[in-house]
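S.K.:
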Amino acid sequence: MQEQYNFKEIENKWQQYWEQQEIYKVEDLSERPKYYCLEMFPYPSGKLHMGHVRNYSIGDVVARCKSMQGYDVLHPMGWDAFGLPAENAAIKHGIPPATWTWDNIAHMRSQLKQLGLSYDWQREVATCHPEYYKWGQWLFLQLYKKGLCYKKHARVNWCPDCATVLANEQVVEGACERCSSTVVQKQLDQWFFRITEYSQRLLDDLKRLPGWPDKVKTMQENWIGRSEGAELTFKVDGTEDEITVFTTRPDTVYGVTYMVLAAEHPLVSKLSAGTPEEAAVTQFVNRVGKQTELARTSSEKEGVFIGAYCINPFNGEKIPILTANYVLYHYGTGAVMGVPAHDERDFEFAKKYNLPIKVVIYPKENQELRLEEMTEAYTQDGVMANSGPFSGTPNRQGIRKVIQYAEEQGVGRGIINYRLRDWLISRQRYWGNPIPIVYCEKCGALPVPDHQLPVMLPTDVEFKPTGESPLKSRPDFVNTTCPECGGPAQRETDTMDTFVDSSWYFLRYTSPRDGEQAWDKEKADRWMGVDQYIGGVEHAILHLLYSRFFTKVFYDLGLLSVDEPFDNLLTQGMVLKDGTKMSKSKGNVVSPEEIIARYGADTARLFILFAAPPERDLEWSDRGVEGSHRFLNRVWRLVYSVKDQVIGAPAVDANKNYVGVHKEMRRLTHYAMKKVTEDVTGRFNFNTAISTIMELVNGIHTYRDKVAEVERDASILAEAINSTIILLTPFAPHIAEELWAATGHQGSVHKEPWPVFDPAALVEDEVEIVVQINGKVRERLNVSATLNPAELQQYVMELESVKALITGKQVVKIIPVPGKLINIVVK
RNA sequence: GCCGAAGUGGCGGAACUGGCAGACGCACUGGACUCAAAAUCCAGCGGUGUAACAACCGUGUGGGUUCGACUCCCACCUUCGGCACCA
Numbered sequence: 001m002q003e004q005y006n007f008k009e010i011e012n013k014w015q016q017y018w019e020q021q022e023i024y025k026v027e028d029l030s031e032r033p034k035y036y037c038l039e040m041f042p043y044p045s046g047k048l049h050m051g052h053v054r055n056y057s058i059g060d061v062v063a064r065c066k067s068m069q070g071y072d073v074l075h076p077m078g079w080d081a082f083g084l085p086a087e088n089a090a091i092k093h094g095i096p097p098a099t100w101t102w103d104n105i106a107h108m109r110s111q112l113k114q115l116g117l118s119y120d121w122q123r124e125v126a127t128c129h130p131e132y133y134k135w136g137q138w139l140f141l142q143l144y145k146k147g148l149c150y151k152k153h154a155r156v157n158w159c160p161d162c163a164t165v166l167a168n169e170q171v172v173e174g175a176c177e178r179c180s181s182t183v184v185q186k187q188l189d190q191w192f193f194r195i196t197e198y199s200q201r202l203l204d205d206l207k208r209l210p211g212w213p214d215k216v217k218t219m220q221e222n223w224i225g226r227s228e229g230a231e232l233t234f235k236v237d238g239t240e241d242e243i244t245v246f247t248t249r250p251d252t253v254y255g256v257t258y259m260v261l262a263a264e265h266p267l268v269s270k271l272s273a274g275t276p277e278e279a280a281v282t283q284f285v286n287r288v289g290k291q292t293e294l295a296r297t298s299s300e301k302e303g304v305f306i307g308a309y310c311i312n313p314f315n316g317e318k319i320p321i322l323t324a325n326y327v328l329y330h331y332g333t334g335a336v337m338g339v340p341a342h343d344e345r346d347f348e349f350a351k352k353y354n355l356p357i358k359v360v361i362y363p364k365e366n367q368e369l370r371l372e373e374m375t376e377a378y379t380q381d382g383v384m385a386n387s388g389p390f391s392g393t394p395n396r397q398g399i400r401k402v403i404q405y406a407e408e409q410g411v412g413r414g415i416i417n418y419r420l421r422d423w424l425i426s427r428q429r430y431w432g433n434p435i436p437i438v439y440c441e442k443c444g445a446l447p448v449p450d451h452q453l454p455v456m457l458p459t460d461v462e463f464k465p466t467g468e469s470p471l472k473s474r475p476d477f478v479n480t481t482c483p484e485c486g487g488p489a490q491r492e493t494d495t496m497d498t499f500v501d502s503s504w505y506f507l508r509y510t511s512p513r514d515g516e517q518a519w520d521k522e523k524a525d526r527w528m529g530v531d532q533y534i535g536g537v538e539h540a541i542l543h544l545l546y547s548r549f550f551t552k553v554f555y556d557l558g559l560l561s562v563d564e565p566f567d568n569l570l571t572q573g574m575v576l577k578d579g580t581k582m583s584k585s586k587g588n589v590v591s592p593e594e595i596i597a598r599y600g601a602d603t604a605r606l607f608i609l610f611a612a613p614p615e616r617d618l619e620w621s622d623r624g625v626e627g628s629h630r631f632l633n634r635v636w637r638l639v640y641s642v643k644d645q646v647i648g649a650p651a652v653d654a655n656k657n658y659v660g661v662h663k664e665m666r667r668l669t670h671y672a673m674k675k676v677t678e679d680v681t682g683r684f685n686f687n688t689a690i691s692t693i694m695e696l697v698n699g700i701h702t703y704r705d706k707v708a709e710v711e712r713d714a715s716i717l718a719e720a721i722n723s724t725i726i727l728l729t730p731f732a733p734h735i736a737e738e739l740w741a742a743t744g745h746q747g748s749v750h751k752e753p754w755p756v757f758d759p760a761a762l763v764e765d766e767v768e769i770v771v772q773i774n775g776k777v778r779e780r781l782n783v784s785a786t787l788n789p790a791e792l793q794q795y796v797m798e799l800e801s802v803k804a805l806i807t808g809k810q811v812v813k814i815i816p817v818p819g820k821l822i823n824i825v826v827k
């Protein structure tokens with residue numbers, strides 16, 4: 001062992017050793033308990049950033065600790081390798097996307113290896129590899145054959161900069177999630193996955209995920225957006241047309257004073273045709289129809305009368321039909337009944353356009369609500385009024401009764417609506433997984449037969465400045481033969497959204513090299529679900545919802561035995577510098593490469609785990625990094641200074657009655673075992689786990705310095721040193737290996753069992769008790785730890801110092817808490 | 001506007017079940033070692049106050065429950081995150 005801590009040498013040495021010994025290789029099937037530890041795989045953008053370092057350091061601590069606790073740990077890594085940046089690089093620098101991607105992967109893989117992460121690299125997957133995307137295509141076809149995948153001409157979000165459509169989930173405040181350009185609406189033929197079919201299950205099963213943060217579950221719940229209500233049908237006056245509305249308040253149906261259709265609603269132009277209002281309506285629809293949802297919903301409510309009326313099926317009233325910007329075509333039925341008295345939006349709208357307002361809910365029976373006095377809609381519960389036979393019914397009950405009546409009369413029904421929309425998966429891009437569909441003039445759209453998979457993505461491509469996918473101009477790709485009739489056919493040139501690729505990678509890891517199937521069910525069943533999933537909260541909806549959807553579909557197809565992919569989820573916070581997210585534009589980026597070169601991977605890992613608990617944002621601190629590095633140096637020097645006494649020391653005799661500093665040293669050691677284990681495997685508070693190890697190291701320092709070498713108990717010292725090294729292993733694996741070897745041990749410390757504390761070693765003879773008078777600390781004293789409350793009270797109350805504190809006062813009450821304090825209440 | 005999380009020294013954070021607020025680290029101050037510096041080691045480090053003790057104040061603000069509140073309850077303020085005409 002060298003006197004100096006030479007991290008560079010050590011880290012290289014052990015990384016090579018791990019690779020040669022295949023120490024992190026995991027068996028597919030064994031008798032040992034399994035643990036699947038997974039971190040969100042990265043997009044190979046070129047270099048690791050600190051967010052990656054944090055994500056993967058957290059995962060590595062969990063994986064290593066679980067492995068040392070005797071689990072078979074599946075801890076894989078791979079690449080979310082399709083995506084737009086590769087194409088942008090190609091356009092900008094002329095490098096083919098495949099070359100660019102594979103180069104980045106090679107570099108980032110070596111960076112991950114430099115961090116000393118315990119991945120089983122033999123399981124590495126890359127979504128752009130034909131052996132991976134082949135099964136993505138196969139899975140697409142399984143959904144297609146099950147009717148969960150369809151093509152539709154639809155109004156969709158289009159990002160002009162990315163030159164592709166986007167899923168709703170990828171549109172953030174009207175802008176492209178990726179490049180922030182304003183998203184426009186286009187009518188296009190697009191492929192969808194029928195995720196809405198799973199709305200209720202996706203919602204219900206959130207309850208079965210106690211290991212997920214509430215925040216993420218709430219976000220998914222809001223996204224799914226379930227709402228209970230009714231569909232009611234109104235006949236259009238003088239025609240055969242009908243308007244169906246969705247409402248959550250059927251109890252207010254007697255208060256309808258107008259009807260509103262979305263601008264896109266087909267009846268708008270049909271009903272206004274030939275009326276005096278036609279020109280105004282057309283103008284309005286043209287103007288509003290061009291606006292994005294965001295533009296519409298952020299501007300003031302406006303609308304126009306379309307020149308037609310409909311009939312309220314409940315009271316026969318004739319009410320005007322309008323079209324307005326505040327009604328969304330894609331939600332519900334694209335039509336809304338206007339009940340201004342009991343809906344805020346309707347109230348605002350009715351006031352603006354002088355539409356009649358009719359009160360049909362009173363706060364309480366006989367407590368009339370006067371229209372003249374209303375300054376806002378009354379949206380709370382109450383009693384139905386002016387509602388024919390329903391008047392006097394409490395409105396909650398009324399909801400059910402009105403629905404029942406509507407169903408009997410054939411004018412409506414109870415229904416549940418969801419905000420969730422089908423997942424638009426086709427992208428007009430090149431660098432993605434080709435959709436395995438061919439179009440034959442005679443036979444129509446057909447799935448590519450399984451034996452022809454994968455539809456290979458050509459890699460020798462040229463990009464034109466038009467932004468058009470290079471696949472379209474490749475006759476060798478487009479032209480094929482029809483699998484049905486053998487005639488000429490054309491391939492689909494759209495590729496899949498990369499979220500499709502990342503929605504099942506956790507399954508492929510269980511059989512990464514299987515050439516016969518997407519995964520081996522037996523293996524997948526052994527490893528799934530993921531015991532711990534770790535990643536950024538930015539994927540709370542997109543990736544996590546899609547993955548849940550896929551898992552449920554695969555469960556239904558019999559491909560899996562679980563229907564939720566991730567049992568426990570940890571969402572880590574961002575890495576900040578100077579209070580804001582690191583970014584090139586702000587010039588506050590700290591590169592992992594630089595930190596590793598300067599201080600080593602162990603220091604980088606230790607700091608990033610120590611600086612904050614994982615769920616919180618982490619403020620980067622160069623000083624803090626130095627502090628972590630200093631700590632590792634301190635551990636190194638400590639071990640160096642006592643190694644000769646530690647090597648060959650006999651094991652601690654747990655039955656021996658140690659006293660004084662020796663006992664205290666042993667107590668500290670076992671306390672650290674207990675605390676670190678709890679913090680790492682229970683609450684994932686790595687910062688406090690590390691601070692506990694620091695306390696142990698400080699304690700050993702004191703023991704070494706205060707106790708002469710001949711007086712030291714070699715067994716206790718060895719136990720303390722060995723425990724320090726083992727407890728440090730998940731956080732700083734390289735230095736731990738080196739110190740383990742230096743203290744006379746054979747083999748990898750990672751193969752050592754995780755320590756289990758001895759409760760007997762934690763027992764103290766004496767404890768410090770605080771004496772409080774009226775809740776204020778007045779004195780501290782050491783008492784025997786075995787005293788029960790009565791004995792404690794007696795002992796304390798007889799002390800002269802305590803008597804002095806309460807002289808002249810009347811003792812009202814005494815609360816003794818053994819091991820902690822005694823509170824004397826006086827007057 | 002609605003929902004959620006958080007607010008603790010100069011800074012990052014700790015206090016897990018209502019029981020000594022500030023563990024651990026950073027920064028800073030003083031000392032040891034050194035010709036000197038770095039490194040290292042030792043000590044101090046919330047505020048007011050005192051010669052020093054004592055005492056008092058102190059976990060966003062105001063109230064409450066309790067022998068006792070960073071922790072529980074009510075109201076409010078601030079910051080961050082999510083949702084936002086969803087009928």
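Quick note on the UniProt record's numbering: the first sequence kicks off at 1 and runs consecutively. Note that beta-carbon positions come from the ideal geometry of N, C-alpha and C, so glycine has one too. From a predicted model like this one, the values you see are computed outputs, not experimental measurements.
(1) Quick check: what's the CA-CA separation for A167 versus A63?
(2) I need the straight-line Cα distance from P470 to T99, nearest angstrom please.
(3) Measuring only the C-alpha atoms, how far is S29 from D120?
(4) Can you tell me whether V783 is helix, strand or coil according to DSSP?
(5) Please report the distance separating the alpha-carbon of Q409 from that of L232.
(6) On the CB-based measure, 16 or more other CB atoms within 10 Å of its CB, does N312 come out buried or exposed?
(7) DSSP beta-bridge partners for M40?
(8) M673 lies in the alpha helix (DSSP H); which residues open and close that run?
(9) Across which residues does DSSP place I824 in a beta bridge pair?
(10) Would DSSP call S269 helix, strand or coil?
(11) Name the two residues that bound the continuous beta strand (DSSP E) containing A335.
(12) With burial defined as no fewer than 16 other Cβ atoms inside 10 Å of the residue's Cβ, what is the status of G682: buried or exposed?
(13) Per DSSP, which residues does R155 bridge with? Please list them.
(14) Hey, out of Y258, I306, M374 and P276, whose CA is closest to I319's CA?
(15) Cβ of V478 within 8 Å of Cβ of Q490?
(16) Tell me whether the beta-carbon of V183 lies closer than 8 Å to the beta-carbon of R427.
(17) For the alpha helix (DSSP H) that contains I195, what are its first and last residues?
(18) Can you say whether T580 is buried or exposed, counting buried as having 16 or more other CB atoms within 10 angstroms of its CB?
(19) If you draw a straight line from the C-alpha of A385 to the C-alpha of G255, how long is it?
(20) Let me know the beta strand (DSSP E) ranges lying completely inside the region 399 to 446, each 3 residues or longer, listed in chain order.
(21) Whole angstroms is fine: what's the gap from N687's alpha carbon to V448's?
(22) Candidates P483, Y430 and L799: which alpha carbon is nearest K442's?
(23) Would the beta-carbon of A601 fall within 8 Å of that of H734?
(24) Report the rounded CA-to-CA distance for P97 versus R429, giving the unit in angstroms.
(25) Going by alpha carbons, who is nearest to V635 out of G51, A732 and Y418?
(26) Hey, how far is the Cα of I647 from the Cα of E9?
(27) Once the 5 residues before and after I306 are set aside, which same chain residues still bring their CB inside 7 Å of it?
(28) Ordered along the chain, which non-local residues of its own chain (more than five positions away) have a Cβ less than 7 Å from that of L139?
(29) Determine the closest residue to I243 out of F550, L261 and T252, with distance taken between C-alpha atoms.
(30) My assumption, with CB atoms under 8 Å, is that A540 sits in contact with V216. Please give the rounded CB distance.
(31) For M50 versus G536, is the C-beta distance shorter than 8 Å?
(32) Check whether the region 378 to 393 touches the region 349 to 360, counting contact only when three or more Cβ pairs, one atom from each stretch, lie closer than 8 Å.
(33) Entirely within the region 340 to 366 and at least 4 residues each: give me those alpha helix (DSSP H) ranges in chain order.
(34) Which one of H629, L557 and G382 has the shortest CA to CA distance from K145?
(35) Please classify N782 as buried or exposed, where buried requires at least 16 neighbouring CB atoms within 10 angstroms.
(36) For residue 837, which option in G334, I105 and T292 has the closest C-alpha, if you only look at C-alpha atoms?
M.R.: Once the coordinates are examined:
(1) Counting from one through the first sequence, the residue named residue 167 turns up at place 167. Counting from one through the first sequence, the residue named residue 63 turns up at place 63. Distance between the alpha carbons of A167 and A63: 34 Å.
(2) Within the first sequence, residue 470 is the residue found at index 470, counting from 1. Within the first sequence, residue 99 is the residue found at index 99, counting from 1. When rounded, the distance between both Cα atoms is 16 Å.
(3) The sequence position of residue 29 within the first sequence is 29, counting from 1. The sequence position of residue 120 within the first sequence is 120, counting from 1. The displayed chain sequence assigns Leu, not Ser, to residue 29. Their backbone Cα atoms lie some 15 Å apart in a straight line.
(4) Numbered from its first residue, the first sequence carries residue 783 at position 783. DSSP places V783 in strand when its eight states are reduced to three.
(5) The count along the first sequence starts at 1 and reaches residue 409 at position 409. The count along the first sequence starts at 1 and reaches residue 232 at position 232. Straight-line Cα distance between these residues: approximately 11 Å.
(6) Counting from one through the first sequence, the residue named residue 312 turns up at place 312. Counting Cβ neighbours within 10 Å, N312 comes out buried, since at least 16 surround it.
(7) The count along the first sequence starts at 1 and reaches residue 40 at position 40. Its beta-bridge partners do not exist; DSSP assigns none.
(8) To locate residue 673, count along the first sequence from 1; it is residue 673. Run containing M673: G660 to T677, per the alpha helix (DSSP H) assignment.
(9) Reading the first sequence from its first residue, position 824 is the one you call residue 824. Beta-bridge pairing links I824 to I773 and I814.
(10) Here residue 269 refers to the residue found at position 269 of the first sequence. Helix at S269.
(11) In the first sequence, counting from the first residue as 1, residue 335 sits at position 335. Counting along the chain, the beta strand (DSSP E) containing A335 begins and ends at A335 to G338.
(12) For this step, residue 682 is matched to residue 682 along the first sequence. Result: exposed.
(13) To locate residue 155, count along the first sequence from 1; it is residue 155. BP columns for R155 point to Q187.
(14) Here residue 319 refers to the residue found at position 319 of the first sequence. Of Y258, I306, M374 and P276, the residue nearest in Cα terms is Y258.
(15) Within the first sequence, numbered from 1, the residue matching residue 478 stands at position 478. Within the first sequence, numbered from 1, the residue matching residue 490 stands at position 490. In contact: V478 and Q490 (Cβ atoms closer than 8 Å).
(16) Taking the first sequence and counting its residues from 1, one reaches residue 183 at position 183. Taking the first sequence and counting its residues from 1, one reaches residue 427 at position 427. No, these two residues do not count as a Cβ contact at 8 Å.
(17) Stepping through the first sequence from its first residue, residue 195 is reached at position 195. I195 -> no alpha helix (DSSP H), and no H or E assigned at all.
(18) Within the first sequence, residue 580 is the residue found at index 580, counting from 1. Classification for T580: exposed.
(19) Looking up residue 385 in the first sequence gives position 385. Looking up residue 255 in the first sequence gives position 255. Their backbone Cα atoms lie some 9 Å apart in a straight line.
(20) 412 to 417 and 437 to 440
(21) Start at 1 with the first residue of the first sequence, and residue 687 comes out as number 687. Start at 1 with the first residue of the first sequence, and residue 448 comes out as number 448. Going from the Cα of N687 to the Cα of V448 covers about 52 Å.
(22) Sequence index remark: in the first sequence, residue 442 carries index 442 (1-based). When each option's Cα is compared against that of K442, the closest is P483.
(23) For the purposes of this step, residue 601 is taken as residue 601 along the first sequence, with counting starting at 1. For the purposes of this step, residue 734 is taken as residue 734 along the first sequence, with counting starting at 1. In contact: A601 and H734 (Cβ atoms closer than 8 Å).
(24) Indexing the first sequence from 1 puts residue 97 at position 97. Indexing the first sequence from 1 puts residue 429 at position 429. Looking at the two C-alpha atoms, the distance is approximately 12 Å.
(25) Along the first sequence, one-based indexing puts residue 635 at 635. For the residues G51, A732 and Y418, the minimum Cα distance to V635 belongs to A732.
(26) The sequence position of residue 647 within the first sequence is 647, counting from 1. The sequence position of residue 9 within the first sequence is 9, counting from 1. If you take the alpha carbons of I647 and E9, they lie about 23 Å apart.
(27) Along the first sequence, read from residue 1 onward, the residue named residue 306 stands at position 306. Within the same chain, I306 has close Cβ partners V268, L271, S272, E277, V281, I321, L322 and T323.
(28) Translated into positions along the first sequence, residue 139 becomes position 139. Excluding positions up to five away in sequence, the list reads W504 and A518.
(29) Working through the first sequence from its first residue, we reach residue 243 at position 243. Ranking F550, L261 and T252 by Cα distance to I243 puts L261 first.
(30) Here residue 540 refers to the residue found at position 540 of the first sequence. Here residue 216 refers to the residue found at position 216 of the first sequence. Their Cβ separation, rounded to whole angstroms, is 5 Å, which keeps A540 and V216 in contact under 8 Å.
(31) Indexing the first sequence from 1 puts residue 50 at position 50. Indexing the first sequence from 1 puts residue 536 at position 536. No. Outside cutoff.
(32) yes
(33) 344 to 353
(34) Working through the first sequence from its first residue, we reach residue 145 at position 145. The candidate whose alpha carbon is nearest that of K145 is L557.
(35) Start at 1 with the first residue of the first sequence, and residue 782 comes out as number 782. Under this definition N782 is an exposed residue.
(36) Because the chain spans 1 through 827 in this model, residue 837 falls outside it and cannot be assessed.
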